[in-house]
Each structure stands twice: as C-alpha cells, then as structure tokens.
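Notes follow once the structure below has been shown.
There are 2 protein chains.
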Amino acid sequence: MKLASLKHGRDGSLVVVSKDLSRATSASAVAPTLQAALDDWANCEPKLEALYEELNAGSSESFAFDPAACDAPLPRAYHWADASAYVTHVELVRKARGAELPESFWVDPLMYMGASDAFIGPHDDVLVESEDWGIDLEAEVAVFTDDVPAGTPAHLAGKHIKLVALVNDVSLRNLIPAELGKQFGFYQSKPWTAFTPVAVTPDELGDAWVDNKLHLPLIAKVNNVQLGAPNAGVDMTFDFAQLIAHAAKSRSLMTGTVIGSGTVSNKGSLLGSCCLAEVRCLETIASGKPSTPFLSFGDSVQIDMLDEEGKSIFGQIDQKIVKHTPPE
Amino acid sequence: MKLASLKHGRDGSLVVVSKDLSRATSASAVAPTLQAALDDWANCEPKLEALYEELNAGSSESFAFDPAACDAPLPRAYHWADASAYVTHVELVRKARGAELPESFWVDPLMYMGASDAFIGPHDDVLVESEDWGIDLEAEVAVFTDDVPAGTPAHLAGKHIKLVALVNDVSLRNLIPAELGKQFGFYQSKPWTAFTPVAVTPDELGDAWVDNKLHLPLIAKVNNVQLGAPNAGVDMTFDFAQLIAHAAKSRSLMTGTVIGSGTVSNKGSLLGSCCLAEVRCLETIASGKPSTPFLSFGDSVQIDMLDEEGKSIFGQIDQKIVKHTPPE
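If you read the protein sequences in the order shown, they are chains A and B. Residues in the first sequence are numbered from 1 upward in steps of one, following UniProt numbering. Residues in the second sequence are numbered from 1 upward in steps of one, following UniProt numbering.
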C-alpha cells in the first residue's frame with residue numbers, strides 16, 4: 001500500500017494513495033497521523049490495507065491526489081539515522097582528496113544521527129542562508145521501522161521494515177570538513193531532509209525488494225537535467241537489515257525510526273551520480289579540480305524512481321533552493 | 001512551575017508537581033502530554049501556571065507525587081542535541097591521552113545529535129548488554145526549547161528556553177574511540193538518556209538562572225557515594241543561548257527540542273566529577289593509569305541538584321545498571 005501525509009498542523013493528516021498515485025482517501029478513521037498508525041501498526045495496517053484495496057478498486061470515496069499538498073510522510077519523527085552504505089561512494093570521495101579508505105569501512109557501517117524534528121515535504125523549498133555553504137542534494141532510499149529491541153541481530157531486523165520512501169538529504173558541503181574534524185559528526189552541515197510524497201510497504205515493490213535492498217535505478221536531477229540513475233540494489237555494502245542491527249546494537253529503536261541508505265552510488269559511476277559532491281570528486285580525479293558548482297538559489301532538485309512500466313512508485317521530490325533570511 | 005510525565009503509553013501523562021515535589025495534579029484538561037503542551041505553549045503555559053499556583057496553595061485536587069512513577073518529561077522527543085560546553089572537561093580528557101586541544105574548541109561548540117526516541121525515566125534501569133562496553137554516567141543540565149527559527153542569533157536564543165531539567169547521558173566509553181575515529185559522531189556509544197522526575201520553568205530557579213546558565217552544584221553519585229558536585233554555572237564555556245544558536249545555525253528547531261550541556265566540569269575538578277571518565281583521566285594524569293573502574297551490573301547512579309535551602313529542585317535520578325539480553 002501507499003501512504004502519504006497531507007499538510008495539516010505539525011504531523012500532517014494521513015491518507016491512503018492509489019497505486020497509480022492519482023487518487024487518495026482519508027485514513028482518519030484508522031489513525032489521524034502516520035505516527036499514530038505506526039504506534040499501533042499491528043492493528044492499523046490491515047485496516048489501511050483494506051482502504052487501499054477499496055481505493056484501487058474505485059469503490060471508496062476519494063479525491064485527486066496532489067503531491068504538492070504533501071508534507072513528509074512523517075513531518076516530524078523521533079529518530080533519523082542516516083548511513084553511508086554505498087562504500088564505493090566513500091572510497092571515491094576519499095580518493096579525490098588523496099586519502100586512504102580504512103579497511104574497517106567495508107565491515108562496520110558509517111551512520112550518523114540526523115535531525116528528525118522538521119522533515120520537509122516533496123515540494124517544499126530548501127531554505128539556506130548562504131550559497132557559500134556549498135548546497136548539495138543527496139538522493140537516498142530510506143526505510144521506516146516499527147519497535148526494534150536492543151541488540152536485534154541482522155537476520156531478525158528485516159521484518160521490522162514497514163515502509164520505504166526516497167529522500168533528499170540536503171548537505172552543506174563546505175560546512176562538513178570542520179564538523180568532521182571535530183569528530184562529533186554532522187550537525188549544521190545536514191540541515192533539511194525531504195521525502196517523496198508517498199511511503200510504500202515493501203510488498204508494493206514486488207521483485208525489486210530483495211535481500212532488504214531496493215533493486216531499481218534512483219533518478220536524481222538538477223533543474224530537470226539528469227545527474228544520474230544508479231541502481232540502489234547494486235554496490236550497497238550494507239543492506240537495510242544490517243543498518244537496523246547497527247542502529248539497534250546498544251539500545252532499542254522506537255516505531256517510526258527512519259534509516260537512510262546514504263547517497264546511492266555504483267562503482268565507477270557509469271550511470272551517473274546522486275549528489276554533486278560525487279560529480280566533483282570524479283572531475284577532481286580526472287582533471288585535478290572540480291568544474292561543476294554546487295547548487296545556487298533558484299536551482300531545483302528532482303528525485304524519483306520508476307517501476308518496470310515506467311511509472312513513478314513514490315511520486316517525485318521536486319524542490320527549489322531558496323535564500324533564507326534569519327532573524328536579527 | 002514544575003512539570004512531570006507519569007508513565008502512560010508512549011508519551012506519558014502530563015502532571016503539574018508542587019514546588020516541594022510532594023504533590024501532583026493532572027494537567028490533562030490543559031494538555032494530555034508535555035509535547036502537546038509545548039506544541040501550543042503560548043496557550044497552555046498560563047493554564048499550567050494557574051494549576052501550579054492552586055496546587056501550591058493546596059486548593060486543588062491532588063495526589064502524592066511518586067518519582068518512581070515518572071517517565072522522562074518527554075518520553076520521546078523529536079530532537080536531542082548534546083553539547084560539550086565545559087571545554088575544561090574536553091581539555092582534561094585530551095591531556096590524559098597526550099593530545100592537544102584545538103584552539104577552535106574554545107569558540108566553536110562541540111555538539112552531537114543524540115537518540116531522542118526513547119528517553120528513560122529517573123528510576124528506569126539502564127539496560128546494557130556488556131560491561132565490556134565501559135558503562136559510564138554523565139551528569140548534565142538540559143533545556144527544552146519552543147520553535148526556534150533557523151539562523152536565530154545567540155542574543156535572541158535565550159527566550160526560547162521554556163524548561164530546564166537534569167540528565168544522565170549514559171555513555172559506553174569503550175565504544176567511543178572507534179566511533180569518533182569514523183568521524184560520523186557518537187551513535188552506539190550513547191545508548192540511553194535519563195531525566196529527572198520534573199522539568200521546571202527557568203523562573204523557578206530564581207537567582208540561580210543567570211546568563212542562560214544554571215549556577216548551582218550538580219550532584220553526581222555512584223552507589224550513593226558522591227562522585228562530585230561541580231557548579232554548573234562555572235566554566236561553562238558556551239551558555240545555553242549560544243548552544244541553541246549553534247544548533248539552529250542552518251535549520252529551525254521544532255518545539256520540544258532538548259539541548260544538553262555535556263558533562264558538567266569545573267577547572268581542576270576540586271569539587272569532584274560528573275562522570276567516571278573524568279575521574280579516570282585525573283588518575284591517569286596523576287599516576288599513569290586509571291584505577292576507578294567503569295560501572296558494573298548492579299551499580300546505581302544518582303543525580304540531583306539542591307536549592308539554597310537544601311531541597312531537591314528537579315527530584316533525583318536514581319537508576320540501576322542492569323544486564324540486557326538481546327533477541328536471538
């Protein structure tokens with residue numbers, strides 16, 4: 001099934017969306033918000049599935065689905081852990097600056113805690129104070145879990161994946177070196193995270209969801225020009241079950257935890273890239289310096305994934321970079 | 001005023017607690033949960049204050065307040081940012097391992113994003129799988145904010161502080177070096193965060209709340225033996241307004257954001273320490289190696305702060321370290 005949160009208050013209003021993303025129906029009789037549904041998933045899931053079947057059969061009250069009216073599926077969440085599971089990307093970034101990749105990076109996932117209190121919708125502006133901060137997109141896959149007990153091993157973690165969506169993990173590249181140098185991880189350099197209009201249950205992905213990975217090209221565009229479409233199922237060093245097990249090693253994860261894959265990247269980048277940093281690293285390796293700039297105010301970012309029939313699965317992220325003026 | 005959340009479902013049940021911590025009254029007529037109150041603070045605050053005045057005057061229905069029945073004031077929050085604002089502590093830790101403190105640490109706050117989806121109550125067990133992970137307490141002060149616009153400067157940030165509480169930021173010391181080495185910040189090494197029974201409005205602190213700092217000794221004990229009582233208002237390099245401004249530099253903070261001070265520490269540690277790591281660093285500097293062990297299963301931790309009359313302001317954190325058996 002496909003779920004979305006229409007903009008409404010702080011937590012949105014839960015709707016069920018038709019498979020073809022054309023129609024929606026209110027889920028308020030089941031749960032007012034997606035977090036409320038996840039809080040009682042065993043009870044809510046079958047009721048939401050029933051609504052989804054009725055909606056697809058055209059037998060329920062519905063209205064036209066407008067992606068621009070969507071907030072993030074969880075407009076605010078209690079936990080957002082973003083990994084860097086495509087180690088080939090990390091290797092490339094390091095190569096561009098002449099640094100070695102520690103061997104441990106192939107067996108021990110990189111993961112940071114991100115800001116989950118203000119996820120943004122698929123068409124929301126990305127507000128940034130300065131272009132000098134090096135504004136970049138990062139196209140990723142993310143999963144939403146239910147409650148995961150502390151110490152859950154990877155072989156038991158996959159069953160905790162309840163929903164899947166795509167993400168634009170906005171990154172401020174020029175703030176990253178100083179933050180990583182302090183060793184406390186990303187903070188100011190990871191300001192906003194945007195989500196596709198809908199999140200879907202794994203069964204909705206059919207054969208493309210295998211081994212806790214999503215085996216389809218992830219399309220990233222800047223100003224509607226394709227930057228890349230690497231396959232999210234290829235070169236993912238750690239699958240989502242392994243990422244969940246990593247996140248839950250020393251404590252439990254509460255329902256509604258969102259775990260991101262990190263920038264999708266295929267070895268050699270033959271199908272292009274999902275962030276400008278990778279493009280700039282390739283340029284640096286090839287010719288000594290980057291030639292592609294980071295994003296400017298007015299630029300737009302599109303992120304999408306198509307099924308085998310060429311239809312969008314999650315709807316599209318389509319958002320503009322806009323200058324933010326802070327309070328004085 | 002003083003607020004607490006009694007254990008009830010995922011978000012607790014909001015109560016107003018009397019100044020002397022002896023009585024409580026339900027706040028459900030104002031807001032069912034503390035997060036709900038913070039979501040509409042301008043409207044809820046005066047109503048909660050009115051309840052508090054009635055309770056202290058003995059003119060409202062009330063019941064005996066039981067700290068052991070408390071969850072964290074926000075049992076789950078959308079944002080938990082923990083700083084390391086007592087740079088003298090960082091300097092000491094570095095000195096013990098023979099490392100220099102970068103000059104920038106005195107002007108640019110250290111801050112990491114922590115896990116906010118499962119805060120624990122003042123009397124909850126701290127569940128850890130292995131003593132080999134190096135279990136430690138960290139006694140801290142924390143503030144709860146309302147909505148903070150992106151780019152809010154420090155001189156405007158103090159007014160966003162709505163509540164203050166004490167924290168035990170449980171740390172797994174032996175997991176830290178590998179995580180910091182990866183530069184993505186703490187994750188598995190910061191499993192649980194416990195809070196005092198009540199959070200209080202800054203006005204409740206009187207003259208002790210000056211310049212966005214809490215000028216009172218923070219008492220930390222292990223097995224009811226005092227480890228230290230450094231003054232939280234002394235040697236705090238960055239006050240809470242500066243920490244909020246740091247956290248909000250590139251994005252807004254949503255209401256209910258919790259910002260921690262980091263382990264309270266006074267230069268020279270003459271009044272003792274708020275974590276075992278600091279004790280061990282002092283031992284290492286004095287005699288080449290640490291002699292105080294980290295916490296063992298069965299050990300307990302107490303954290304408290306007294307007013308000028310010797311009465312507890314927030315109630316006491318009093319919790320036991322207990323072995324956790326993960327699923328197989």
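C-beta atoms are modelled at their ideal positions from N, C-alpha and C, and glycine is treated no differently.
- In the same chain as E100 of chain A, and ignoring 5 residues on each side of it, no C-beta atom comes closer than 6 angstroms to its own.
- In the three-state scheme derived from DSSP, where H, G and I count as helix and E and B as strand, A96 of chain A is classed as helix.
- Straight through space, the alpha carbons of K159 of chain B and Y78 of chain A are spaced by roughly 24 angstroms.
- Restricting attention to B:Q302, B:G185, B:A37, B:D211, the CA atom closest to the CA of A115 of chain B is found in B:G185.
- Among the residues of chain A, those whose CB is under 9 angstroms from the CB of E129 of chain B are A150, G151, K249, S250, following chain order.
- Residue environment for N223 of chain A: exposed (fewer than 16 other C-beta atoms within 10 angstroms of its C-beta).
- The beta carbon of M1 of chain B sits no closer than 7 angstroms to any beta carbon of chain A.
- The Cβ-Cβ distance between A37 of chain A and A29 of chain A does not fall below 7 angstroms.
- Close to chain B, meaning a Cβ-Cβ distance shorter than 9 angstroms, are the following residues of the segment 250–272 of chain A: S250, R251, S252, L253, M254, T255, G256, T257.
- Between D124 of chain B and Q302 of chain B a beta carbon distance of about 14 angstroms is seen, past the 8 angstroms cut, so the two are scored as non-contacting.
- In this structure, B:A154 is the residue among B:E129, B:P46, B:F144, B:A154 with its C-alpha nearest to the C-alpha of Q242 of chain B.
- DSSP places D318 of chain B outside any alpha helix (DSSP H); the residue lies instead in the beta strand (DSSP E), whose first and last residues are 317–323.
- Taking 7 angstroms as the cut-off between beta carbons, the residues of the UniProt domain "Fumarylacetoacetase N-terminal" (1–76) of chain B near chain A are R10, D39, R76, in sequence order.
- With a beta-carbon spacing of about 11 angstroms, G256 of chain A and F119 of chain A fall beyond the 8 angstroms limit used to define contacts.
- Every beta strand (DSSP E) of 3 residues or more that sits fully in the segment 234–317 of chain A is shown, in chain order, as 258–260, 300–304.
- Counting every other CB atom within 10 Å of its CB across the protein chains shown gives L270 of chain A a total below 16, marking it as exposed.
- Rounded to the nearest whole angstrom, the C-alpha separation of T152 of chain A and L216 of chain A is 28 angstroms.
- Taking the C-beta atoms as reference points, D239 of chain A is found no nearer than 7 angstroms to D207 of chain A.
- Taking a C-beta cut-off of 7 angstroms against chain A, the contacting residues of the segment 103–125 of chain B are L110, M111, Y112, M113, G114, A115, S116, D117, A118, listed in chain order.
- Short of 8 angstroms from the beta carbon of A64 of chain A, and not among the five residues preceding or following it, lie these beta carbons of its own chain, in chain order: S22, R23, A24.
- Judged by DSSP in its simplified three-state form, N56 of chain B adopts helix.
- Of the candidates A:F314, A:K7, A:K323, A:P326, the residue whose Cα lies closest to the Cα of V141 of chain A is A:F314.
- For L163 of chain A, no alpha helix (DSSP H) run applies; the uninterrupted beta strand (DSSP E) run containing it begins and ends at 161–169, by DSSP.
- For A154 of chain B, the enclosing alpha helix (DSSP H) has its first and last residue at 154–157.
- In terms of Cβ geometry, V234 of chain B and N266 of chain B form a close pair [threshold 7 angstroms].
- The three-state reading of DSSP puts N212 of chain A in coil, since its state is none of H, G, I, E or B.
- Scanning chain A for C-beta atoms nearer than 9 angstroms to the C-beta of P177 of chain B yields nothing, as the closest lies near 10 angstroms away.
- Think of a sphere of 7 angstroms around the beta carbon of L172 of chain B: the chain A residues whose beta carbon falls inside it are S250, in chain order.
- Under the three-state reduction of DSSP, R23 of chain A is assigned to strand.
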